[in-house]
Amino acid sequence: MEPNSSPNTPAAAADASVRVPGAPHEPTGRATGAHTDTFARDHLPPPEQWPELLLDDPAPRYPDRLNCGHELLDRTVEEYGADRPALRSGDGVVRSYGELRETVDRIAHVLTEDLGVVPGNRVLLRGPTTPWLAACWLAVMKAGAVAVTVLAQARATELATI
36 MEPNSSPNTP
46 AAAADASVRV
56 PGAPHEPTGR
66 ATGAHTDTFA
76 RDHLPPPEQW
86 PELLLDDPAP
96 RYPDRLNCGH
106 ELLDRTVEEY
116 GADRPALRSG
126 DGVVRSYGEL
136 RETVDRIAHV
146 LTEDLGVVPG
156 NRVLLRGPTT
166 PWLAACWLAV
176 MKAGAVAVTV
186 LAQARATELA
196 TI
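Whatever position you read off the sequence shown (first residue = 1), add 35 for the numbering used here.
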């Protein structure tokens, strides 16, 4: 472990001798994960800007790999049923969790099978705040990608910096 680092710091997470829950490691000490495209991980802010991990907190522990699209959508369907209302559009149309899950799964399939998105890729989502944007965001999560959501009003010059 580096001097002046504690088990709650990113420096400790990079040391193979320290096991931080939720931060899988290879024997070399290099952090690993489900991501094929490591751009987002490789461009994290400097360690001094990372949040402090309070590992003594009795909060729930998560597995080394977690898909938030699955957790947010599929677990909700499993726990509460597919017929519950999930989204209401501006014109009053209500979509159930089951309908949302079908749409999300179709979009995720297109992302991965037709467009070649792999875990860790960044996917820009630009559009109005609608049920379709929410479905696209969840599909990006299910595909294991990183959603970069911007306002529909974003201009080309603003998008160029992303």
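Even for Gly, the Cβ is constructed at its ideal location relative to N, Cα and C.
Do you know how far the Cα of Ala-189 is from the Cα of Gly-116? Here residue 116 is taken as the residue at index 81 of the sequence shown, counted from 1. Here residue 189 is taken as the residue at index 154 of the sequence shown, counted from 1. Rounded to the nearest angstrom, the two C-alpha atoms are 37 Å apart.
Between Val-112 and the rest of its own chain, which residues show a CB-CB distance below 6 Å, the 5 nearest in sequence each way excluded? If you number the sequence shown from 1, residue 112 lands on position 77. So the qualifying residues of the chain are Tyr-132 and Arg-136.
Going by Cα to Cα distance, which pick from Pro-166, Leu-173, Leu-160 and Lys-177 is closest to Val-183? Along the sequence shown, read from residue 1 onward, the residue named residue 183 stands at position 148. The option with the nearest alpha carbon to Val-183 is Leu-160.
Three-state secondary structure (DSSP) of Gly-104: Counted from its first residue, the sequence shown places residue 104 at position 69. Here Gly-104 sits in helix by DSSP.
Same chain only: Cβ atoms within 6 Å of Leu-173, ignoring 5 sequence neighbours per side: Along the sequence shown, one-based indexing puts residue 173 at 138. Here the set comprises Gly-104, Leu-108 and Val-139.
What does DSSP give as the partner residue(s) for Ser-124 in the beta ladder? Taking the sequence shown and counting its residues from 1, one reaches residue 124 at position 89. DSSP, once it has assigned bridges, lists no residue as partnering Ser-124.
Helix or strand or just coil, what does DSSP make of Leu-79? To locate residue 79, count along the sequence shown from 1; it is residue 44. DSSP places Leu-79 in coil when its eight states are reduced to three.
Check Leu-186 in the structure and name its three-state DSSP category. Counted from its first residue, the sequence shown places residue 186 at position 151. Here Leu-186 sits in strand by DSSP.
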